[in-house]
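Scroll down for the structure; my scribbles are underneath it.
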Amino acid sequence: MSSDSDSSSESCGSSERMDWEHSESSDSEAIRIDGVIVPYQDEPLADCIEEESSNASEETDNDGLSPSTLEARFEGNACVDSWCQCEQCNNELLVGALEFRCCREVTNSSAKMLFDGSIERIKCITEHEDYDAITNRAVLLQVAPLLRNQDGGIYRRRNGVSENEFIRAVAYRWITRWLCGYIGRDNRRPLPACVYHSKRKKYNTRQHKGYANFQEH
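Be aware that the sequence shown starts at 1, since it is given in the numbering used here, and climbs by one per residue.
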């Protein structure tokens with residue numbers, strides 16, 4: 001009885017080994033066949049690796065926008081309609097790549113509209129009920145002495161600077177304070193394209209310095 005059982009077990013084990021060996025042989029054969037038909041089929045393409053590596057290494061700014069994205073917009077490779085969500089952005093008066101961003105992309109402006117609920121009524125930060133009030137000429141002239149320049153001195157209109165250019169610079173500073181609170185003299189942030197366009201159109205001058213050294217002065 002024991003002999004029959006052992007014989008049966010050996011037969012079973014032998015059968016399993018044969019099945020396994022056959023399966024392994026079939027798999028190996030299939031792999032070899034696949035390898036002949038499609039060489040290097042499991043290897044990633046070099047250009048894909050380089051592209052992924054390049055994208056991963058590129059840093060983004062406070063609004064999650066990369067330099068290449070902003071540069072593409074500045075150079076005209078991406079039309080305004082493809083990135084403007086507020087319907088008020090215009091590149092006519094923009095002069096630098098950092099200015100090519102929508103208020104809906106700017107973290108602080110979108111957060112303000114979301115926080116006070118105005119995002120349900122308006123699409124653009126320039127349509128906010130407080131926007132016209134804080135960028136009124138009389139208000140900005142009164143606000144200017146309260147601001148400080150990078151050296152800590154009172155923000156004043158310099159010789160050779162037109163009143164519109166000065167007021168526009170004050171407006172940028174005051175709008176930044178409105179959106180971000182006090183962030184320090186060395187922590188400037190670019191404003192949305194819609195804001196730059198509206199202020200440059202309202203307080204127009206023959207030329208615009210643009211966003212140089214984190215702010216137009």
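Where a beta carbon is used, it is the ideal one built from N, C-alpha and C, also for glycine. All values reported here derive from a predicted model rather than from experimental measurement.
Across the structure, C103 and S110 are spaced so that their CA atoms are roughly 6 Å apart. Rounded to the nearest whole angstrom, the CA to CA distance from R137 to I154 is 18 Å. In terms of Cα proximity to N62, the closest of P190, R173 and R168 is P190. Checking the DSSP bridge columns, you'll see I154 partnered with R148.
The region 139 to 147 makes no contact with the region 111 to 127; the number of CB pairs closer than 8 Å stays below 3. Excluding the 5 residues flanking it on each side, W83 has same chain C-beta neighbours closer than 7 Å at R73 and C102, in chain order. For the set A171, L179, G76 and N204, the Cα lying nearest the Cα of T135 is the one of A171.
A distance below 8 Å separates the beta carbons of Y203 and N164.
Assigned with DSSP and collapsed to three states, K123 falls in coil, not helix or strand. DSSP, reduced to helix, strand and coil, places C89 outside both helices and strands of the structure shown, so it counts as coil. Residue state for F100 is assigned as coil, using DSSP reduced to three classes.
Collapsing the DSSP output to three states places C180 in a helix. T107: member of the alpha helix (DSSP H) spanning T107 to F115, first to last residue. Between L98 and L70, the CB-CB gap stays under 8 Å. In the DSSP assignment, H197 falls within the unbroken alpha helix (DSSP H) covering A193 to K202. Note on geometry: alpha-carbon atoms of S118 and C180 lie some 17 Å from one another. Contact between E58 and P67 holds: CB atoms are separated by about 7 Å, below the 8 Å threshold. With 16 or more other Cβ atoms inside 10 Å of its own Cβ, V106 counts as buried.
In this structure, F166 places its C-beta atom within 8 Å of the C-beta atom of R157. For R168 against K199, the beta-carbon gap comes to about 5 Å, under 8 Å, which counts as contact.
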